[in-house]
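S.K.: Submitted below is the structure of interest, expressed as structure tokens.
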Amino acid sequence: MFSFMRKRPAFQGGVHPDDRKQATSGLPIEPLPLPARLYLPVQQHIGAAARPVVKAGDTVLKGQMIAQGDGAVSAAVHAPTSGRILAVAPHPAPHPSGLPVETIVIEPDGEECWVDQPDPEHALNLAPEVIARRVAEAGVVGMGGATFPAAIKLNLGSRHHIDTLIINGSECEPYLTCDDRLMRERTDEVIDGIRIIRHALGARRALVVVEDNKPEALSALQARLYEMDTIEAMAVPTRYPMGSEKHMIKAVTGREIPAGKLGADIGVIVHNVGTAYAVHRAVRMGRPLISRIVTVGGGAVRRPANLEVLLGTRVEDLLAHCGGTRQPPARLLMGGPMMGQVMPHAQVPVIKGSNGIIALTAEEINIGQTMPCIRCGRCVAACPCGLMPLEMAARIRNEDMDGAVDYGLMDCVACGSCSYVCPSHIPLVQFFHHAKGVLGARREQQRRQEEIKRLAQQRRERQEAEARAKAEAAERRKAEREAAKRKAEEAKAARAAKAAAVQEPPKTPAADQAET
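Each residue of the sequence shown is one higher than the one before, starting from 22 at the first, in the numbering used here.
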């Protein structure tokens, strides 16, 4: 149906980094043994942090909710195994800063006792709102790394006309092969999840998009799809960042998302294959999101692997299972080398968005000395969003954040293509992260100032209302006193008149004549 789209460039810009997937693409998924401790941050998603509903000393069962979604954009957290809550306390987060975040620490009991054993559900008979609610209760988020709560996207079908569902199986980041292995080994479960999502959205068709460097995954999908499914598995050229939502939509449908809009505004929703698998588990089996597939790779790792890992497992446990490292990693990444986060150490836990742990050697990084920009324009040619990274970076250096915004900073997807091709080794994407952080802090400060103004205005209005109420009450009391005084005077006058009438006898006609 869409073969004509494969003959033209998928999108402008982009790069072709060495994918370096050979070390793990042929390795089947293997389960990681139960660790001694699990560290579960309550913030594993975009939006408000979940609210803990357990405390130290509590015992929990596998799949039990231990932190409840708090707010419109939030996601629940569940116990990956049965055991005892050791603490609800700060622990280093899987973030370059390494700053502590509120974390629930579980000591497994080794019994793996589930909270319940629900019967399989006839998911395609469920109403869309029921599917979305079950996905929300299961804590499912976008598994491609964005970690946006999946239930919110499922509800978009009630507010937008969604005609196309795209399932992102491109996995365009180098080293990562977890989605590839998931599509090859758990094909039926992935397809079932796609059917459930398509049903919830009311989409007419679904496209599973796989880069052409994953022929086995594409073949596995195509072998299990039928005409009646209205699902098509299609290959697209291997080009980074094919996994970006707006670029994938452009590549397979030809539609462009306007600035400041969402895919739903043009009738398209994108979910990751890992999300489809998690939806299958949540809706069909009643199972929350408590584990995920993680690729462990990089030149520093002794035995690369694709592991099924319980959420909350620390990175050091994954590396130990893979035989440790040959040498201290020059860079430890959570995610791929293009958009992944640099980890401060290996004591941080795996969370819902952790699709890879990559331990790179100095030779793999191969970062040269940063030099001045030579204005060669390679970053402009590589930018898949059609921006001018060199101009944005120049303004950011001069602290002109508004000028960078004028050049499209907020449309940047931080894919790192510009940094990859820069011959001067300028860390352009880091400039953009910095600028967005500054702007975010500025917006937060402005929001707080506006909130302070709003609260002050409410206080003034409340004080004025109280003053008016007091004045009105005083006027009412004065009026009541005056009315009571008049009434009393009238009553007194009436009594006096009555008394005078009683004391003075009525005059007779004879008396009147005598006076005369």
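Note that the Cβ used here is the ideal one computed from N, Cα and C, for glycine as well. This one's a predicted model, so the numbers in the text were calculated from it and none came from an experiment.
Have a look at G288 and G78 and give me their C-alpha separation to the nearest angstrom.
M.R.: Stepping through the sequence shown from its first residue, residue 288 is reached at position 267. Stepping through the sequence shown from its first residue, residue 78 is reached at position 57. G288 and G78: Cα-Cα distance of roughly 48 Å.
S.K.: Check A110 in the structure and name its three-state DSSP category.
M.R.: Within the sequence shown, numbered from 1, the residue matching residue 110 stands at position 89. If DSSP states are grouped into helix, strand and coil, A110 belongs with the strands.
S.K.: Whose C-alpha, out of V363, C343, H342, is nearest the C-alpha of A351?
M.R.: Here the question's residue 351 lines up with position 330 in the sequence shown. Nearest C-alpha to A351: V363.
S.K.: Express the C-alpha separation of Q479 and S375 in angstroms, rounding to a whole number.
M.R.: As a first step, residue 375 must be located in the sequence shown, where it is residue number 354. As a first step, residue 479 must be located in the sequence shown, where it is residue number 458. Rounded to whole angstroms, S375 to Q479 spans 44 Å at the Cα level.
S.K.: For H143, count the other beta carbons within 10 Å of its own beta carbon; 16 or more makes it buried, fewer makes it exposed. Which is it?
M.R.: Locating residue 143 in the sequence shown gives position 122, counting from the first residue. Under this definition H143 is an exposed residue.
S.K.: Between the segment 387-395 and the segment 124-135, do at least 3 Cβ pairs fall closer than 8 Å?
M.R.: Contact fails: fewer than three Cβ-Cβ distances are below 8 Å.
S.K.: Using the C-alpha atoms, what's the distance from N176 back to R468?
M.R.: Stepping through the sequence shown from its first residue, residue 468 is reached at position 447. Stepping through the sequence shown from its first residue, residue 176 is reached at position 155. Using only the alpha carbons, I get a separation of about 28 Å.
S.K.: Within its chain, find whatever has a CB closer than 7 Å to the CB of C433; leave out the 5 residues flanking it on each side and keep chain order.
M.R.: Translated into positions along the sequence shown, residue 433 becomes position 412. Result list for C433: C406, L408, F453, in chain order.
S.K.: Use the C-beta contact count for S191: other C-beta atoms within 10 angstroms, 16 or more gives buried, fewer gives exposed.
M.R.: Position 170 of the sequence shown, counted from the first residue, corresponds to residue 191. Under this definition S191 is a buried residue.
S.K.: Would you call the CB atoms of Y261 and M359 closer than 9 Å?
M.R.: One-based indexing of the sequence shown puts residue 261 at position 240. One-based indexing of the sequence shown puts residue 359 at position 338. Cβ distance < 9 Å, so Y261 and M359 count as in contact.
S.K.: Which ranges does the alpha helix (DSSP H) cover as unbroken runs of at least 4 residues, wholly within the segment 428-514, from first to last along the chain?
M.R.: Counting whole runs of 4 or more residues, the segment 428-514 contains the alpha helix (DSSP H) stretches 438-442.
S.K.: Can you give me the C-alpha to C-alpha distance between A110 and I125, rounded to a whole angstrom?
M.R.: As a first step, residue 110 is located in the sequence shown; it is residue number 89 there, counting from the start. As a first step, residue 125 is located in the sequence shown; it is residue number 104 there, counting from the start. Distance between the alpha carbons of A110 and I125: 7 Å.
S.K.: For Y60, count neighbouring Cβ atoms within 10 angstroms of its own Cβ and tell me buried if that reaches 16, exposed if not.
M.R.: For the purposes of this step, residue 60 is taken as residue 39 along the sequence shown, with counting starting at 1. Answer is buried; the Cβ neighbour count reaches 16.
S.K.: Roughly how many angstroms lie between the CA atoms of P195 and T208, to the nearest whole one?
M.R.: For the purposes of this step, residue 195 is identified with residue 174 of the sequence shown, where counting begins at 1. For the purposes of this step, residue 208 is identified with residue 187 of the sequence shown, where counting begins at 1. Cα to Cα, the separation comes out at about 22 Å.
S.K.: Where does D338 land, buried or exposed, given buried means 16+ other C-beta within 10 angstroms?
M.R.: Here residue 338 is taken as the residue at index 317 of the sequence shown, counted from 1. Its Cβ being crowded by 16 or more others within 10 Å, D338 is buried.
S.K.: Using the beta-carbon count (16 or more within 10 Å), is K282 buried or exposed?
M.R.: Residue numbering aside, residue 282 sits at position 261 when the sequence shown is read from its first letter. The residue in question, K282, is exposed, as its Cβ has fewer than 16 Cβ neighbours within 10 Å.
S.K.: Pick out the complete beta strand (DSSP E) segments inside the segment 352-426, 3 residues or longer, and give them in chain order.
M.R.: Correct list: 352-355, 377-381.
S.K.: DSSP three-state label for Y298, please.
M.R.: What you label residue 298 is simply residue 277 of the sequence shown in a count that begins at 1. Three-state DSSP puts Y298 in a helix.
S.K.: Closest to L411 by CA distance: which of V442, E385, N234, P139 is it?
M.R.: In the sequence shown, the residue the question calls residue 411 occupies position 390. Looking at the Cα atoms, V442 is the closest of the given residues.
S.K.: Buried or exposed, going by whether 16 or more other CB atoms sit within 10 Å of the CB of N146?
M.R.: Working through the sequence shown from its first residue, we reach residue 146 at position 125. Exposed.
S.K.: Using only alpha-carbon positions, find the residue among I447, K42, N327 that is nearest to N234.
M.R.: As a position in the sequence shown, residue 234 is number 213, starting the count at 1. When only C-alpha atoms are compared, the closest one is K42.
S.K.: By the DSSP assignment, the alpha helix (DSSP H) with I278 in it spans what residues?
M.R.: Indexing the sequence shown from 1 puts residue 278 at position 257. I278 -> no alpha helix (DSSP H), and no H or E assigned at all.
S.K.: Let me know the secondary structure DSSP gives I87 once reduced to three states.
M.R.: Taking the first residue of the sequence shown as 1, we reach residue 87 at position 66. It is a strand residue.
S.K.: When the Cα atoms are used, what is the spatial distance from E232 to Q33?
M.R.: As a working mapping, residue 232 is identified with position 211 in the sequence shown. As a working mapping, residue 33 is identified with position 12 in the sequence shown. One C-alpha to the other measures close to 17 Å.
S.K.: With burial defined as no fewer than 16 other Cβ atoms inside 10 Å of the residue's Cβ, what is the status of R180: buried or exposed?
M.R.: On the sequence shown, position 159 is the one that residue 180 refers to. Exposed.
S.K.: Can you check whether the CB of V211 is closer than 9 Å to the CB of M269?
M.R.: Along the sequence shown, one-based indexing puts residue 269 at 248. Along the sequence shown, one-based indexing puts residue 211 at 190. No, they are not a contact pair.
S.K.: With a 10 Å radius around its C-beta and 16 neighbouring C-beta atoms as the bar for buried, classify V330 as buried or exposed.
M.R.: Residue mapping note: residue 330 aligns to position 309 of the sequence shown, counting from 1. Looking at its Cβ environment, which holds 16 or more other Cβ atoms inside 10 Å, V330 is buried.
S.K.: Just the C-alpha distance for G458 and A494, rounded to the nearest angstrom, thanks.
M.R.: Translated into positions along the sequence shown, residue 458 becomes position 437. Translated into positions along the sequence shown, residue 494 becomes position 473. One C-alpha to the other measures close to 52 Å.
S.K.: What would DSSP say about M22, mapped onto helix, strand or coil?
M.R.: If you number the sequence shown from 1, residue 22 lands on position 1. Caution applies to M22, whose pLDDT of 36 falls short of 50 and renders its modelled position unreliable; the model cannot decide the point.
S.K.: Just to confirm, is the Cβ distance from L203 to V304 under 9 Å?
M.R.: Mapped onto the sequence shown, residue 203 falls at position 182. Mapped onto the sequence shown, residue 304 falls at position 283. No.
S.K.: Using three-state DSSP, classify G538 as helix, strand or coil.
M.R.: Because the chain here runs from 22 to 537, residue 538 falls outside it and cannot be looked at.
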